[in-house]
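**Q** So that we are looking at the same thing, I have put the structure below in structure tokens.
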Ligand code: SRM
Ligand SMILES: Cc1cc2nc3c(=O)[nH]c(=O)nc-3n(C[C@H](O)[C@H](O)[C@H](O)COP(=O)(O)OP(=O)(O)OC[C@H]3O[C@@H](n4cnc5c(N)ncnc54)[C@H](O)[C@@H]3O)c2cc1C
Ligand code: SF4
Ligand code: FES
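Protein chains in written order, with the numbering used here: chain A, 26 to 863; chain B, 389 to 505.
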């Protein structure tokens with residue numbers, strides 16, 4: 026481009042993009058007088074912020090919306106003609122002629138004529154009270170007409186239509202309706218489920234939404250009185266805003282014989298050049314890559330491309346990301362990338378929370394590595410992060426559902442704990458942060474749990490952080506490119522899952538057998554309980570028999586929870602929380618006799634604390650004689666199945682939740698698993714049993730039960746997710762069989778179902794596919810394996826009580842029949858408690 | 389079989405229990421001279437060990453109830469409370485330098501277990 030003489034630029038249209046073009050050209054030109062700019066605008070006022078047009082109803086003035094005042098144009102030497110549209114172009118002489126007769130020469134002409142509202146040819150659209158929603162003038166007209174109107178409608182449930190509808194509400198109309206031809210709202214941005222969520226949000230604000238409605242006629246005399254639909258229904262309204270889409274303003278281009286598209290739009294190439302190389306088209310009037318970009322961001326980008334080329338640079342306009350995030354009537358709506366791509370071309374993960382009005386969907390590539398697009402309704406906080414992940418083609422973590430569920434544990438999406446900030450507290454007992462741990466692993470080479478415990482004490486307190494510490498070690502090693510295999514410990518070069526399969530195939534039932542076959546050395550406190558758990562999960566034999574007693578973790582070793590001071594607690598099973606007065610009395614008597622502290626637990630049963638090791642078999646003998654069984658409060662096994670009172674007493678109950686809870690608890694009692702299992706059954710949606718915080722939770726419906734899985738309380742609470750609706754009791758149990766067995770077989774040690782799911786590739790959709798749809802074809806086998814475990818269940822305390830050899834082990838001293846004399850108690854609120862430790 | 393050398397001039401051997409009283413690859417606690425001694429039957433290695441029963445971490449009388457095993461060949465026991473692990477040979481805590489426990493020589497004769505104090 027020549028720089029000697031001033032280049033004459035004429036801009037047709039003083040809208041948002043036309044203005045941005047001027048601003049950029051001024052900013053980027055090398056010398057002040059490289060370009061002489063003339064702008065023609067059809068509207069009476071200087072360019073304003075159309076995107077925030079609705080703010081006009083909220084009290085903003087036209088001045089507030091102005092992008093730059095008229096002075097700005099003068100100061101920068103721009104000749105500006107307002108209310109003066111260009112009516113003709115003489116391409117040969119390179120001249121434009123305006124409505125008021127100004128004729129101006131151009132070297133380059135920039136068409137920025139934008140678009141107008143598309144008004145469908147429905148009979149009656151010309152009536153008074155029918156408006157479009159594009160300019161400040163349109164809004165002024167609406168404003169004055171609304172004063173005498175009562176019921177208004179908007180034709181079109183897209184982005185602009187919903188904004189207009191909100192405006193009608195704000196204007197104080199008694200009724201505001203949205204009429205959409207498509208079966209969903211915002212059909213270009215969101216899917217059916219997102220639309221439903223948005224719809225319920227909007228309805229709760231007082232909007233009436235009519236979907237799938239084809240308007241046949243606008244009724245009335247001079248003024249609109251109603252809308253007649255093809256399905257013969259009628260809507261009584263006295264004003265209507267048409268927002269049925271946009272139509273590019275290409276009429277001038279047509280007059281000038283520039284190439285336009287039959288469906289509207291001035292055709293441009295990658296440099297935004299029209300069929301005449303001296304004429305560019307930018308913004309909503311331009312058809313680039315076969316499409317009209319109806320958003321402001323691509324419009325601004327187009328302005329930048331033309332400016333860059335005019336000043337001698339090189340830039341082309343690439344297909345623009347149409348991702349959007351808006352706040353519609355207080356509701357976040359966002360879509361990005363390819364929001365609609367469907368399975369099987371991708372994997373889709375959806376999250377829906379009706380109570381909160383949140384719907385999220387992400388589309389992940391088939392191999393789970395890339396984010397292709399998604400939709401967010403109700404909560405779009407993760408929009409920027411997701412958009413970045415999508416645009417930059419970041420490799421996704423295996424648990425890609427974290428991307429949208431990130432807020433669960435307050436953590437941002439990413440590779441679990443590795444995405445925590447450095448100052449995140451991992452071990453709260455010893456105040457060790459993630460940053461400190463990363464440093465110990467990365468810088469100081471402490472790459473085992475033991476080494477970490479030693480160098481910074483993390484995990485030496487309650488030990489609850491150990492899984493996270495392990496993830497951090499692995500995460501740092503992975504970042505350093507070290508290949509980490511998830512092996513159990515120095516004695517076994519296998520993962521838990523591998524070892525389980527090996528033990529099963531070889532039918533091994535003792536620890537030493539497992540160690541001899543598949544391990545080396547003497548074992549340790551990591552692999553022993555792990556193998557113990559595998560053996561129990563596979564064969565369900567008494568965990569204290571053969572050589573298995575000494576491989577059990579502290580609590581399992583004595584079938585009771587060890588307490589401060591070395592005494593134990595006793596928790597008899599009380600299925601579903603239901604108990605007879607007779608049994609209550611027995612518990613009281615036993616507690617009294619052995620001097621134990623009693624407390625109702627959070628799991629709807631009764632815990633007796635402070636039992637001496639020596640007394641445990643006697644205590645249990647009395648309980649068992651009264652019909653109690655072990656509650657496995659000490660085991661990585663089924664704890665409680667909580668229930669609400671349900672339909673037998675409750676006025677809202679729709680199913681007998683107590684009976685079903687008891688059935689479920691009886692079915693899975695004693696089932697050993699990688700971590701403890703909790704369940705609950707609620708009798709209706711009020712959810713008094715808190716089933717959605719359980720590893721598997723069941724909520725009654727009119728028709729049957731809804732099954733939720735992988736919930737968790739504890740330190741990182743997480744809601745369970747729905748995998749089956751309205752199933753009958755038998756089906757529900759079948760699905761739980763499969764779910765639990767699949768968990769038992771594949772989870773890492775000491776991993777609750779929630780964490781297991783979070784780490785699962787494919788997330789809940791995959792889990793559902795396995796458990797409900799049986800995509801792996803293993804459902805039958807899982808059910809059979811579960812049934813086998815259920816069939817051999819025995820109360821392990823009953824076995825101990827009846828077996829003198831096992832019973833003998835419950836004594837503090839091997840050489841004296843006395844209890845531990847160092848145990849000390851204090852009194853508190855009329856009960857005893859253990860003395861505080863040092 | 390008494391490989392451990394005691395620094396004291398003279399060891400007094402105390403009869404603790406029958407070998408059967410201590411589970412294979414596990415421990416038991418004996419009361420000797422008013423002292424609680426944890427005794428371990430490391431049958432996988434054919435070795436016996438004895439230590440204090442009290443864990444120095446929170447003064448809990450529980451070491452005998454811990455799991456035994458090895459770490460790079462070093463025999464060890466893990467306290468059931470917070471899994472501090474102690475070398476059965478030296479008594480040194482292996483995952484926290486701050487702690488250690490006493491170890492005692494063990495002698496097995498005619499199926500009886502003797503502890504040297
Ligand atoms: C007794 C009880 C508290 C109470 O007085 O109410 C209790 C007591 C213990 N809980 Fe709990 N939890 C009790 C209900 C809960 C609940 C509530 C529930 O089940 O509805 C939770 C949250 C729900 C959940 O698990 O998702 C709960 C989350 C935990 C956790 C954290 C688990 C997690 O995934 O984050 C632990 C630690 C662990 O298991 O690793 C734990 C561990 C423990 C242990 C077993 C710690 C231990 O190993 O010594 C406590 C000793 C019990 C004892 O000595 O008898 N307890 N604990 C409750 C027994 C319920 C029962 O009848 O079996
Ligand atoms: C209510 C509303 C809400 C919106 N919300 C969003 C949003 O949230 N996010 C988003 O990205 N986009 C939004 N948009 C779209 C955005 O406003 C447009 O993409 C943007 O205004 C396009 O800029 P433009 O300059 O191409 O067209 P316009 O802003 O329409 O400007 C074109 C101008 O050219 C004039 N003109 C036409 N023909 C001639 C002629 N022959 N001679 C002289 N002048 C002429 C027109 O009168 C007009 O002033 C919204 C639009 C509306 C109406
Ligand atoms: S969950 Fe429903 S049925 Fe059960 S107690 Fe609560 S209200 Fe009653
Ligand atoms: S009391 Fe032994 S480790 Fe804490």
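We treat Cβ as the ideally placed atom computed from N, Cα and C, and that holds for glycine.
In this text the structure is predicted, and so the values were computed from the model without any measurement.
Output, in chain order, the set of chain B residues within a Cβ distance shorter than 7 Å of residue 549(A).
**A** 457, 458, 459
**Q** Look at residue 111(A) and residue 32(A) and say whether their C-beta atoms are less than 8 Å apart.
**A** A distance of 8 Å or more separates the beta carbons of residue 111(A) and residue 32(A).
**Q** Please confirm whether any heavy atom of ligand 4 lies closer than 7 Å to the CB of residue 837(A).
**A** No, ligand 4 has no heavy atom inside 7 Å of this Cβ.
**Q** For residue 440(B), go through chain A and note every residue whose CB falls closer than 9 Å to its CB, in chain order.
**A** Ordered by position in chain A, no residue passes the 9 Å Cβ test against residue 440(B), which lies about 12 Å from the chain.
**Q** Flag residue 837(A) as yes if its beta-carbon sits less than 8 Å from any beta-carbon of chain B, otherwise no.
**A** yes
**Q** Do residue 564(A) and residue 822(A) count as a contact pair if the criterion is CB distance below 8 Å?
**A** Taking 8 Å as the Cβ cut-off, residue 822(A) and residue 564(A) do not qualify as a contacting pair.
**Q** Along the beta strand (DSSP E) that carries residue 63(A), what are the first and last residues, could you check?
**A** 60-65
**Q** Determine, for residue 473(B), whether the minimum Cβ-Cβ distance to residues of chain A falls below 8 Å.
**A** yes
**Q** At a cut-off of 7 Å, would you count residue 93(A) as near ligand 2, judging by its Cβ distance to the nearest heavy atom?
**A** no
**Q** For residue 93(A), tell me which candidate among 46(A), 641(A), 626(A) has the shortest Cα-Cα distance.
**A** 46(A)
**Q** Using 8 Å as the Cβ pair cut-off and three pairs as the minimum, do the region 750-762 of chain A and the region 382-401 of chain A touch?
**A** no
**Q** Kindly list the residues whose CB is nearer than 8 Å to the CB of residue 248(A), restricted to its own chain and excluding five residues on each side of it in sequence; keep chain order.
**A** So the list reads 152, 153, 154, 263, once near-sequence residues are dropped.
**Q** Buried or exposed, going by whether 16 or more other CB atoms sit within 10 Å of the CB of residue 274(A)?
**A** buried
**Q** Hey, how far is the Cα of residue 407(B) from the Cα of residue 499(B)?
**A** When rounded, the distance between both Cα atoms is 5 Å.
**Q** Roughly how many angstroms lie between the CA atoms of residue 464(A) and residue 491(A), to the nearest whole one?
**A** So the two alpha carbons sit approximately 17 Å from each other.
**Q** Rounding to the nearest angstrom, what Cα-Cα distance links residue 436(A) and residue 498(A) in this structure?
**A** With a pLDDT of 35 at residue 436(A), under the threshold of 50, the predicted position of this residue should be treated as unreliable, and no value is reported.
**Q** Count the other CB atoms, across all protein chains shown, that sit within 10 Å of the CB of residue 492(B); report buried if there are 16 or more and exposed otherwise.
**A** buried
**Q** Quick one, are the C-beta atoms of residue 42(A) and residue 347(A) less than 8 Å apart?
**A** no
**Q** Ends of the alpha helix (DSSP H) at residue 531(A)?
**A** Segment 521-531, the alpha helix (DSSP H) holding residue 531(A).
**Q** What does residue 572(A) reach in chain B if we use C-beta pairs closer than 7 Å?
**A** When 7 Å is used as the limit between beta carbons, residue 572(A) is near these residues of chain B: 412, 413, in chain order.
**Q** Leaving aside the five residues before and after residue 440(B) along the sequence, list all residues of the same chain whose C-beta is less than 6 Å from its C-beta, in chain order.
**A** 489, 490
**Q** Helix or strand or just coil, what does DSSP make of residue 220(A)?
**A** helix
**Q** Does at least one heavy atom of ligand 4 sit under 7 Å from the Cβ of residue 588(A)?
**A** Remark: the C-beta of residue 588(A) is outside contact range of ligand 4, defined as less than 7 Å to any heavy atom.
**Q** Where does residue 33(A) fall in DSSP's three states?
**A** strand
**Q** I'd like to check one pair, residue 632(A) with residue 594(A): are the Cβ atoms closer than 8 Å?
**A** yes
**Q** Under a Cβ-count criterion, where at least 16 other Cβ atoms within 10 Å of its own Cβ denotes burial, should residue 806(A) be classed as buried or exposed?
**A** exposed
**Q** If you compare alpha carbons, which of 415(B), 404(B), 494(B), 399(B) is closest to residue 834(A)?
**A** 415(B)
**Q** Going by the beta-carbon positions, is the gap between residue 184(A) and residue 214(A) smaller than 8 Å?
**A** Yes, the pair counts as a contact, with Cβ atoms nearer than the cut-off.
**Q** Counting along the chain, where does the beta strand (DSSP E) carrying residue 372(A) start and finish?
**A** 371-378
**Q** Within 10 Å of its beta-carbon, does residue 438(A) have 16 or more other beta-carbons around it, so buried, or fewer, so exposed?
**A** Note that residue 438(A) scores a pLDDT of 35, beneath 50, so its modelled location is shaky; the value from the coordinates is reported in the next line. Buried, because 16 or more other Cβ atoms sit within 10 Å of the Cβ of residue 438(A).
**Q** Between the Cα of residue 454(A) and those of 484(A), 706(A), 847(A), spot the shortest distance and give me the residue it belongs to.
**A** The shortest Cα separation from residue 454(A) among 484(A), 706(A), 847(A) belongs to 484(A).
**Q** Does the CB of residue 506(A) have a neighbour CB from chain B at under 8 Å?
**A** no
**Q** Output yes or no for whether 8 Å exceeds the beta carbon distance between residue 308(A) and residue 139(A).
**A** yes
**Q** Can you tell me which residues form a DSSP beta bridge with residue 436(B)?
**A** 429(B)
**Q** CB-CB under 6 Å to residue 187(A), same chain, minus the five flanking residues each way: which ones, in chain order?
**A** 353
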